[in-house]
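Everything below concerns the one structure shown next.
Protein chains in written order, with my numbering: chain V, 1 to 362; chain X, 363 to 724; chain B, 725 to 1086; chain Y, 1087 to 1448.
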């Protein structure tokens, strides 16, 4: 009800603030018997954490995860699985200036309006730090999807500012191509330009937005529910639950506005005795249900709101003032958004995999 | 779990197929004492129903609603409110050719993959006919929002093909401007062009996509939950749960990709002793919580998949074949999508209004 | 949230009042392909309906069900299944005297306290009439449980007043033994005494309580969840959701209070290469999870609150007054409670069957 | 879905095993602004923990709680509140003999049947140790109920074996009366006999059952939902979710079986201009909704299953064997069940308080 859970069958519930003792996630609905250790979780956390490259925030947060429950002798037990990540870098003094001033683009004002007061240290619960435990849960979901359905989920940076990657077949991109550079853009030449642009914005004490491409391959046809819990509905919710996401589209997305039906329809065809579609404008989902074609999603990410330059704002006493956010922030959110996007898609697909499995009677 | 409910506190559950006896919605969470009669519900149903103008499908469906429960002596009782809409136009013979052939762009194939068989009459549960009871529930939500919070929700057609309405301040558009023409575009001159384009596509046995703009005004700051049930997340889910929606964006949406933080941030300001933002790139939601500024959403709608021209496809026996969809279909979905979009936004906001109210202790 | 749904995977949502147009249930989570027709549903409705024998209320309610959705060509489609039961016997004049007076033992006062007003006709939503659609949903659950897991659910009247049936092995009782008399007590001699007692109370313008025994056989070991959704927790909730239930116990139940551990523990044993327990004090559930032994539940049912004799009460104006309930009421609720109890147990077990199935990966 | 959450609006989710790193609870739905510190939580944990007196298990578990999130500067923030309790006493060697042998009365066999294997150390997730975080959450619920609605919740030991406390007015019992002796029975003379009986059973290497009485006072009329989420249904589920509970009854409970309606009905009356009932056979709930009278619940608790005497059982290889449980166990569960019962009732009432508040529009 207060919105700290997502999913129905594979369901995660989280707690934690930027500068509290730590963040914790409880995963309800992990089938018993999955081989799992901290080594399955930490790598994705390392992809999300600050300080991993020169183009992300230089804050030092170790993001070391501890499995509190649900794993015994290297396998999941079927009971709830909790992961705790202690906060270690809590430089509260960096944030003292925001106690009474509302940062533009942040949730300071809306939290005060909602709750009457707020934990102003580093944004409290509104800080993206809470996504670290989502990434931990996403790693468990990825492992489950890979092991039982051979589903793979990848995301990469497709656009930063007006620099756009040139990639024809997103479904053929590999993890190593994505991880080959700090921008997480598999088009090497474009990645270099993106990195330069991000560096430039950082120098200018500004930030820049972008677009991420997310791809899920290997899904069988049949996942997703017919009316409200369509796969696109649940995936969109999961992605929009991440701070800074301002748009989500599937397949042709907003381009359908100018398309005719005769162009946009993907004709069915046969390949290797499987039913496929000749094109994939539908992005792998028809009627809310997976078609067996790759799922293609794009998410728009706004430029970081925290800026080390002077901005006009008001304070909690309804007086006009200015603010310049101190602390160390990402000049572009895309590189660190990539593992978060993968996590949210994995959590959603794991949920729908189990939901579909629930109804398969033998 | 099978996805026939949406919402947590104001929650709707639906059932019904295109050619079954009817569709029904149960609304759980209507506060007691709201004045309500069928006259509050039928007008929006009439805006959604087929046959209302020359540019929509000419099928005749009366969509007459009956309140089955939850209203006594003109007021809601606080118990579950059910609305039934009988199907009256069930020309099954129109659909006999689709029993074994998969229509491109439709859910025929994915339903078969999911369930092993399907109710092929008119698309069964995958038909947009099920949205009629969503519109009925939306009318209840609208009344509740208007009465207790003075919230208004409107949607209009912003784009059809490459014809784009010229509207500077969506939040100032009125219902009568929208309803003044069958396209539901408040820019009169553009509406005429859109209507001509839709007519042309119909003549060509084709269809065309478009974009809808949805606006909610009057919300106080403070609705929405901080992590997974952000207002944007729940609104996006609600809109993506509607057939044919392929993209959703809030405020600046995908345009943030090329924006700098210094441009995209909306500075806080004071007006009439209220805290506002000088611009509204954020679309009325910050940190997942309403800011008190108008909520601005855009949704992309694909061109109708049912086409009366020959398309390549396969059948249930994995043989290549062709199909030409008979029956009477909308050449453009936008005009009838408008009331559905309003309904889904209203249902979501009513839910969050009550969720916020739950936590206000005195 | 307003409590009109029960279950998570096999989930039902209901609406309807005693004297409104009708009652409706939407079942979400029926797997596709189950053979189902109205003939699977109507028999249990006939066991629940008024007027079926001389010892139950003589109101005439046909309780004819109509399947609105979710079944196509004799099989469930996997989408939501709705059943509608129109109200036909709405003698509102019988209830006009209760508009302003609170009936002892009824929800008149608490509904007014909760909602500010109430649908006073026949108790409105508080009337047990709403259980008719639960019985319809229960029939679907029973069919599902029988077909895929060979689970059988039966209930019978074990006690009426101080007359107690003498039955040693509840798990061996058959449906035909139960249905052989109007009291639904399989101990024939006791049933005659119960019937006489009920008749006597009716003559005295009074009513009498009793105890029902419910048995579920055929469950495999492994259904139920470890912490909050223990099988006993969900079964108890389901049974306590029925009007007039005042106590629920499993296996030895309240008798454990005087038992030693060495007496109460059921030792494990081997029979036919299966692990069983030598005794069944645990009632088929250990640690919240089914053990494979028969599930044994007892529910206490209070005497009907509606009495055609004068009782002291107050009215809505906080004045003392008296009331004598007119209309035709059951002098003992047990005979009609039996199919309701079976339905609630079936709905709960169907839910847990699918929940367990969700986690079985191959 | 896997059953690690309870509640809808005030909702708790837990994780943890007996011998893992610790137990954690996330509370979703704590209103902002409630004064709260660890000092509100630890006292109830101390009432539940082992080693607190001579008649409970002598295991040493500190049960020191840490608030991980949701509290800032001494007040709740409105975001999810997490509490962690590390396990400190993990004497795994005590449990090595149960790895392959099924303990009678325990969940060893059913967990294996459900999950294929189990964390056998101290019962894993099936151990009552997981209730420590329920008690922590219950302390938060109690504080909320007390502060905003002046609701008080108490429980005490009413019966141990055949020794029954003599208490006429449960609603007048005070906390200090209950805490005055280690049995938590406010009838001092009876408490001494109970203590002697428990000591005797411990000497005999056996255990004994009993009955707890739970009372909630101060509730306004109007809490609870009309159909499935009746107050009695949700309270019963909450109590049956606790290990060892085998029966629950409200008000007259099972005694209604022999009662006439004219005796069992509680007549309405006026006192201090409030509507009350002259008697309280209904136990404070009518039609599933609180009547404003004290809520009276009784729960039956089975004798501890772990016994240091030889019992017949089978092992995981389906061979007959014997087992004698080592380790240190409670000869009677009642003393430590009392705070758990209070917690579960508090959690349920806090949920319904907020649910009712959600629907109160002004």
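Note that beta-carbon positions come from the ideal geometry of N, C-alpha and C, so glycine has one too.
- [ ] Return the residues of the stretch 14-36 of chain V that lie within a Cβ-Cβ distance of less than 9 Å from chain B, sorted by chain order.
- [x] Within the stretch 14-36 of chain V, 29, 30, 31, 32, 33, 34 place their CB atoms closer than 9 Å to a CB of chain B, listed in sequence order.
Open item on the list: Three or more C-beta pairs under 8 Å: does that hold for the stretch 426-443 of chain X against the stretch 377-391 of chain X?
Closed with: yes
Task: chain V residues whose Cβ lies nearer than 7 Å to that of residue 466/X - done: Along the second chain, read from residue 1 onward, the residue named residue 466/X stands at position 104. Those are 265, 266, 267, 268, listed as they occur along chain V.
- [ ] Run down chain Y in chain order and give the residues with a C-beta less than 7 Å from the C-beta of residue 477/X.
- [x] Mapped onto the second chain, residue 477/X falls at position 115. Those within 7 Å of residue 477/X in chain Y number zero; the least Cβ separation is about 21 Å.
Task: Helix, strand or coil at residue 899/B according to DSSP, with G and I counted as helix - done: Locating residue 899/B in the third chain gives position 175, where the first residue counts as 1. It is helical.
Open item on the list: Taking the alpha carbon of residue 210/V as the reference point, which residue from 9/V, 56/V, 337/V, 6/V has its own alpha carbon closest?
Closed with: Looking up residue 210/V in the first chain gives position 210. Residue 210/V has its Cα closest to that of 337/V, out of 9/V, 56/V, 337/V, 6/V.
Task: For residue 1044/B and residue 1359/Y, the rounded distance between their alpha carbons - done: Mapped onto the fourth chain, residue 1359/Y falls at position 273. Mapped onto the third chain, residue 1044/B falls at position 320. The alpha-carbon atoms of residue 1359/Y and residue 1044/B are separated by roughly 11 Å.
TODO: Give me the Cβ distance between residue 214/V and residue 299/V, rounded to the nearest whole Å; I'm assuming they're in contact under 8 Å.
DONE: Taking the first chain and counting its residues from 1, the one referred to as residue 214/V is at position 214. Taking the first chain and counting its residues from 1, the one referred to as residue 299/V is at position 299. Their Cβ separation, rounded to whole angstroms, is 7 Å, which keeps residue 214/V and residue 299/V in contact under 8 Å.
TODO: Within 10 angstroms of the Cβ of residue 1442/Y, are there 16 or more other Cβ atoms? Answer buried if so, exposed if not.
DONE: As a position in the fourth chain, residue 1442/Y is number 356, starting the count at 1. That one is buried.
- [ ] For residue 1325/Y, I'd like the list of residues in its chain whose CB is within less than 6 Å of its CB, leaving aside the five on either flank, ordered along the chain.
- [x] Stepping through the fourth chain from its first residue, residue 1325/Y is reached at position 239. Result list for residue 1325/Y: 1331, 1334, 1385, 1430, in chain order.
Task: Per DSSP, the bridge partner or partners of residue 936/B - done: Locating residue 936/B in the third chain gives position 212, counting from the first residue. Looking at the DSSP assignment, residue 936/B forms a beta bridge with 881/B, 1023/B.
Task: Residues within the stretch 303-321 of chain V neighbouring chain X, beta-carbon criterion of under 7 Å - done: 303, 304, 305, 307, 309, 311, 312, 313, 314, 318, 320
Open item on the list: So, at 8 Å on beta carbons, what are the nonlocal neighbours of residue 944/B in its own chain, with the 5 sequence-adjacent residues on each side left out?
Closed with: Your numbering for residue 944/B matches position 220 in the third chain. Same-chain partners within the cutoff: 873, 1014, 1016.
TODO: Confirm, please, whether the CB-CB distance from residue 885/B to residue 1352/Y is below 8 Å.
DONE: In the fourth chain, residue 1352/Y corresponds to position 266, counting from 1. In the third chain, residue 885/B corresponds to position 161, counting from 1. Against a cut-off of 8 Å, the Cβ pair of residue 885/B and residue 1352/Y comes out as no contact.
- [ ] Using three-state DSSP, classify residue 1184/Y as helix, strand or coil.
- [x] Locating residue 1184/Y in the fourth chain gives position 98, counting from the first residue. It is helical.
TODO: Pick helix, strand or coil for residue 1146/Y, following the three-state DSSP scheme.
DONE: Here the question's residue 1146/Y lines up with position 60 in the fourth chain. Reduced to three states, the DSSP call for residue 1146/Y is coil.
Task: Cutoff 8 Å: residue 1443/Y Cβ touching any chain X Cβ - done: Residue numbering aside, residue 1443/Y sits at position 357 when the fourth chain is read from its first letter. Among the CB atoms of chain X, one or more fall inside 8 Å of the CB of residue 1443/Y.
- [ ] Look at the alpha carbon of residue 1129/Y and the alpha carbon of residue 1262/Y, and state the distance between them as a whole number of angstroms.
- [x] For the purposes of this step, residue 1129/Y is taken as residue 43 along the fourth chain, with counting starting at 1. For the purposes of this step, residue 1262/Y is taken as residue 176 along the fourth chain, with counting starting at 1. About 13 Å.
TODO: For residue 964/B, name the three-state secondary structure that DSSP assigns.
DONE: For this step, residue 964/B is matched to residue 240 along the third chain. If DSSP states are grouped into helix, strand and coil, residue 964/B belongs with the helices.
Open item on the list: Using a 10 Å radius around the Cβ and a threshold of 16 neighbouring Cβ atoms, would you call residue 995/B buried or exposed?
Closed with: Within the third chain, residue 995/B is the residue found at index 271, counting from 1. So residue 995/B ends up on the exposed side.
Open item on the list: Between residue 443/X and chain B, is the shortest Cβ-Cβ distance under 8 Å, so that the two count as touching?
Closed with: Within the second chain, residue 443/X is the residue found at index 81, counting from 1. Yes, residue 443/X lies at the interface with chain B (some Cβ there is under 8 Å from its Cβ).
TODO: Give a yes or no on whether the minimum CB-CB distance between residue 9/V and chain B is below 8 Å.
DONE: Here residue 9/V corresponds to residue number 9 of the first chain, with the count starting at 1. Chain B contact via Cβ: present.
Task: Minimum Cβ-Cβ distance from residue 980/B to chain Y less than 8 Å - done: The sequence position of residue 980/B within the third chain is 256, counting from 1. Taking Cβ atoms only, chain Y reaches closer than 8 Å to residue 980/B, which makes this a yes.
Open item on the list: I'd like the ranges of any beta strand (DSSP E) spanning at least 3 consecutive residues and lying wholly in the stretch 626-660 of chain X.
Closed with: 630-633, 636-639
Task: Helix, strand or coil at residue 1113/Y according to DSSP, with G and I counted as helix - done: Your numbering for residue 1113/Y matches position 27 in the fourth chain. Assignment of residue 1113/Y by DSSP, reduced to helix, strand and coil, places it in the strand class.
TODO: List the DSSP bridge partners of residue 694/X.
DONE: One-based indexing of the second chain puts residue 694/X at position 332. According to DSSP, which records beta bridges pairwise, residue 694/X is partnered with 570/X.
TODO: From the DSSP output, in three-state form, read off residue 1446/Y for me.
DONE: If you number the fourth chain from 1, residue 1446/Y lands on position 360. For residue 1446/Y, the secondary structure class from DSSP, reduced to helix, strand or coil, is coil.
Task: Buried or exposed (CB count within 10 angstroms, at least 16 for buried), residue 859/B - done: Locating residue 859/B in the third chain gives position 135, where the first residue counts as 1. Buried, by the Cβ-count rule.
- [ ] Please decide whether residue 1423/Y counts as near chain B, where near means a Cβ-Cβ distance under 8 Å.
- [x] As a first step, residue 1423/Y is located in the fourth chain; it is residue number 337 there, counting from the start. No, because no Cβ of chain B sits closer than 8 Å to the Cβ of residue 1423/Y.
Open item on the list: Contact criterion: CB-CB distance below 8 Å. Does residue 1158/Y meet it with respect to chain V?
Closed with: Stepping through the fourth chain from its first residue, residue 1158/Y is reached at position 72. Closer than 8 Å: yes.
Task: Boundaries of the alpha helix (DSSP H) in which residue 311/V is found, first to last residue - done: The count along the first chain starts at 1 and reaches residue 311/V at position 311. First-last for residue 311/V: 311-314, but that is the beta strand (DSSP E), not the alpha helix (DSSP H).
Task: CB contact flag (residue 1064/B, residue 736/B, <8 Å) - done: Here residue 1064/B is taken as the residue at index 340 of the third chain, counted from 1. Here residue 736/B is taken as the residue at index 12 of the third chain, counted from 1. Their beta carbons are not under 8 Å apart, which means residue 1064/B does not touch residue 736/B by this criterion.
Task: residue 354/V at chain B interface by Cβ criterion, 8 Å - done: As a first step, residue 354/V must be located in the first chain, where it is residue number 354. Yes, residue 354/V lies at the interface with chain B (some Cβ there is under 8 Å from its Cβ).
Task: Among 414/X, 369/X, 475/X, nearest to residue 360/V - alpha-carbon criterion - done: Numbered from its first residue, the first chain carries residue 360/V at position 360. Ranking 414/X, 369/X, 475/X by Cα distance to residue 360/V puts 475/X first.
Open item on the list: Is it buried or exposed, residue 1403/Y, if we count other Cβ atoms within 10 angstroms and call 16 or more buried?
Closed with: Counted from its first residue, the fourth chain places residue 1403/Y at position 317. Exposed: under 16 other Cβ atoms inside 10 Å.
Open item on the list: Short of 7 Å in beta carbon distance, which residues of its chain neighbour residue 626/X, apart from the five on each side in sequence? Order them along the chain.
Closed with: Your numbering for residue 626/X matches position 264 in the second chain. Around residue 626/X: 614, 618, 643.
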